[in-house]
Amino acid sequence: MKDGMNDSLVRQMRVLVLGEGAASGPWTQWFDEHARVARVRSLDEALQALSDQSFDLVVSSAEDFSFLPESMLAEQAGYTPIGADQGVWVVGADGATAWSNAYAERLPASLRQRIFQSCMEVLTDETCTAPLRCDLDTEDGKTFEVAITPLADPGGCGAAAAAVIRDATQARRFKRQLDAIDKAGRELLRLDADQIARLDMQERLSLLEQKIIRYTHDLLHFDNFTVFAIDRKTNKLELVLASGMPSEVKAIDLFAYAEGNGISGYVAATGHSYICPDVTQDPRYIRGLSNARSSLTVPLHVNDQIVGVFNVESVRVNGFTEEDRQFAQLFGRNIAIALHVLELLVSERHTTTGRMGKDIMAEVTGPLNDVLTELETLVEDYLGIDDLRHRLRKLSEHVVAVRDTLKQATSPGLGLLTPRTPRATRIDPLLKDKRVLIVDDEDMIRETVRDVLAGYGCRVDIAADGDEALGLIARHAYDLVLSDIKLPTKNGYEIFAATKAANPKTPVMLMTGFGYDPNHAIVRANREGLTAVLFKPFKVDQLLGEIRTAIRSNPAS
504 MKDGMNDSLV RQMRVLVLGE GAASGPWTQW FDEHARVARV RSLDEALQAL SDQSFDLVVS
564 SAEDFSFLPE SMLAEQAGYT PIGADQGVWV VGADGATAWS NAYAERLPAS LRQRIFQSCM
624 EVLTDETCTA PLRCDLDTED GKTFEVAITP LADPGGCGAA AAAVIRDATQ ARRFKRQLDA
684 IDKAGRELLR LDADQIARLD MQERLSLLEQ KIIRYTHDLL HFDNFTVFAI DRKTNKLELV
744 LASGMPSEVK AIDLFAYAEG NGISGYVAAT GHSYICPDVT QDPRYIRGLS NARSSLTVPL
804 HVNDQIVGVF NVESVRVNGF TEEDRQFAQL FGRNIAIALH VLELLVSERH TTTGRMGKDI
864 MAEVTGPLND VLTELETLVE DYLGIDDLRH RLRKLSEHVV AVRDTLKQAT SPGLGLLTPR
924 TPRATRIDPL LKDKRVLIVD DEDMIRETVR DVLAGYGCRV DIAADGDEAL GLIARHAYDL
984 VLSDIKLPTK NGYEIFAATK AANPKTPVML MTGFGYDPNH AIVRANREGL TAVLFKPFKV
1044 DQLLGEIRTA IRSNPAS
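To get the numbering used here, take the position in the sequence shown, counting from 1, and add 503.
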């Protein structure tokens, strides 16, 4: 407390002291000697006292203060909450300091001068009866929040001004960061319509990936991180993107289980964020960054559902704070929205079956109808030859059965072309006897493409997973390999690499149902001679066109 104060001003102050803890504090002991103090023991008594009369100051423990209704306190002319980390400075009408605490006295001289000027403005403005609030910046980059309240004496004249000063630097920085994250979230998925029209699915997702990496670096200052999406079918954490992490992280298989799957698996399973202050002391940690010392992992939520994990690593022990956790969770919401869009596109993969089947149906309906028309004409031409007419009608019935079976199998309610009737063969000289490997874990896609190519004279092998495909590549020489990028046990790049290792001249085409390339298979294969990329759903003529171009341009030796 400051000596030599203007006692006459302070003695005019009415102070309400709530609770025994506050009554024994140094502040209240000093006010006992210098001001008019009213003491109450309970919250009910405090509320009654605040209703009956006005007080310049309410003193209580932090616990008791939190229960006081803010609306009632706000009705008191001098209401401003004061904590131990705040400065208090009471200035009289004559410009003299009536009272100040140690915090206020330690403030820089230039800041004190500006606060003093604001106090004098309040004192000379007779219309000012409510607290004046303003933010003052200092030369060293700090921001102080100042609330100045006029204190009235019993005569009703402006007798003093009380300034409460709080360092708001951290709070303002926090708010600016929140605003920046909010803006980044809006920008994350906003693409110009003309720009979208010029990009295919893979390019759009690459652009989204670039934005996530840029905002994560610029806003959160995270340089080493991974983003995983949960595959609902397998519960596996699929790597969506990585920045500043070694390539080995792509080979780590993690699942959304609380045990045995590292910190990321734990967070994905429980939905609880996780700060690992020292990776050498945490048994859950699985090595990512080679020189990592600490990590931060937060779940990615969409409507209470966990869709993925955002994992960040640091080369420093205790490299992450609680504030980092909060910002990561906030920005993670924006990432989760992007992942949710991808998940919706993943679900489109399952409807690709019906859409591609309809393309097949559209292609074969015309020839089948032509056959039926020709058969009916022959029936009319062979009047009188009942045995032949009977055989022609039986043949016509078989064609109708083939058409109806295809129509039923390609309807949205079914996912497989079974039972299956062989289609008429239309030999293509370019495709005739070419050996082709089709690799896809979707039965309908795999078998439909096989039937289309077989119908044009190709010899087709199929594989449902990466291991089966690698076995076939090792045993046979192929003229073309067509593989999905996302497979059980292996990925599209591994199929590409194995094919090129067996025969560098063999063309390889990759397929993706939604443009989502978790292992960057397309990007890596493009650099090493990938022939083409097909984005599902594709039309049959598009498929055949790409295959003809691949075989014509890159004949296997």
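Think of the CB as a built atom: it goes at the ideal place given N, C-alpha and C, for glycine as much as any other residue.
- One Cα belongs to cysteine 622, the other to alanine 663, and the distance between them is close to 8 angstroms.
- Excluding five sequence positions before and after glycine 598, the CB atoms of its chain that fall closer than 8 angstroms to its own CB belong to Phe619 and Met623, given in chain order.
- Around leucine 1033, the same chain offers Phe999, Val1011, Met1012, Leu1013 and Ile1025 as residues with beta carbons nearer than 8 angstroms, after the five sequence neighbours per side are excluded.
- Runs of the beta strand (DSSP E) lying entirely within the region 732–762, each at least 3 residues long, are 740–746 in chain order.
- Bridge partners of lysine 989 according to DSSP: Asn994.
- Residue burial is scored here from C-beta neighbours: valine 820 has fewer than 16 other C-beta atoms within 10 angstroms and is therefore classed as exposed.
- Closest by C-alpha distance to glycine 747, out of Asp535, Glu816, Ile809 and Leu973, is Glu816.
- Here leucine 681 is exposed. Its C-beta has fewer than 16 other C-beta atoms within 10 Å.
- Put simply, of Leu711, Ala967, Lys1003 and Ala772 the residue whose alpha carbon is nearest the alpha carbon of leucine 740 is Ala772.
- With distances taken between CA atoms, threonine 783 lies nearest to Ser797 out of Ser797, Tyr777 and His775.
- Across the set Tyr718, Glu1031 and Asp964, the C-alpha of Glu1031 shows the shortest separation from the C-alpha of alanine 1004.
- Restricted to the region 763–805, the alpha helix (DSSP H) segments that are unbroken, complete and at least 4 residues in length are 765–773, listed in chain order.
- DSSP links threonine 652 through a beta bridge to Ala665.
- For threonine 646 against leucine 614, the beta-carbon gap comes to about 11 angstroms, at or over 8 angstroms, which does not count as contact.
- By the criterion of a C-beta distance shorter than 6 angstroms, aspartate 987 is surrounded in its chain by Asp943 and Met1014, once the five residues flanking it on both sides are discounted.
- By the Cβ test, the region 982–996 is in contact with the region 931–948, since at least three Cβ pairs between them sit closer than 8 angstroms.
- About 11 angstroms separates the Cβ atoms of alanine 666 and leucine 654, ruling out a contact at the 8 angstroms cut-off.
- Note on geometry: alpha-carbon atoms of asparagine 1029 and aspartate 827 lie some 37 angstroms from one another.
- Here the C-alpha atom of tryptophan 592 lies approximately 51 angstroms from the C-alpha atom of serine 767.
- Under a 10 Å Cβ-count criterion, cysteine 961 is classified as buried, with 16 or more other Cβ atoms of the shown protein chains found around its own Cβ.
- Shown here, methionine 947 sits in a helix according to DSSP, grouped into three states.
- Under the three-state reduction of DSSP output, leucine 933 falls in the coil class, being neither helix nor strand.
- When C-alpha distances from histidine 804 are compared across Ile789, Leu757 and His775, the shortest belongs to His775.
- In this structure, valine 801 sits away from valine 752, with a CB-CB distance that is not shorter than 8 angstroms.
- Judged by DSSP secondary structure, serine 817 falls within the beta strand (DSSP E) whose first and last residues are 808–817.
- Counting only residues of its own chain and dropping the five nearest sequence neighbours on each side, valine 543 has a CB closer than 6 angstroms to the CB of Leu521, Ala549 and Ala552.
- For aspartate 781, the closest of Gly822, Asp807 and Ala745 by C-alpha to C-alpha distance is Gly822.
- Taking 8 angstroms as the cut-off, the beta carbon of leucine 722 is found closer than this to the beta carbon of phenylalanine 834.
- The beta carbon of asparagine 1057 sits closer than 8 angstroms to those of Lys1008, Thr1009, Pro1010 and Thr1034, all from its chain and outside the five residues before and after it, given in chain order.
- For glycine 590, DSSP records a beta bridge to Ile668.
- Taking C-beta atoms under 8 angstroms as the contact rule, leucine 560 and glycine 590 fail to qualify, at a distance of about 15 angstroms.
- Cα atoms of threonine 737 and glycine 811: separation of roughly 13 angstroms, rounded to the nearest angstrom.
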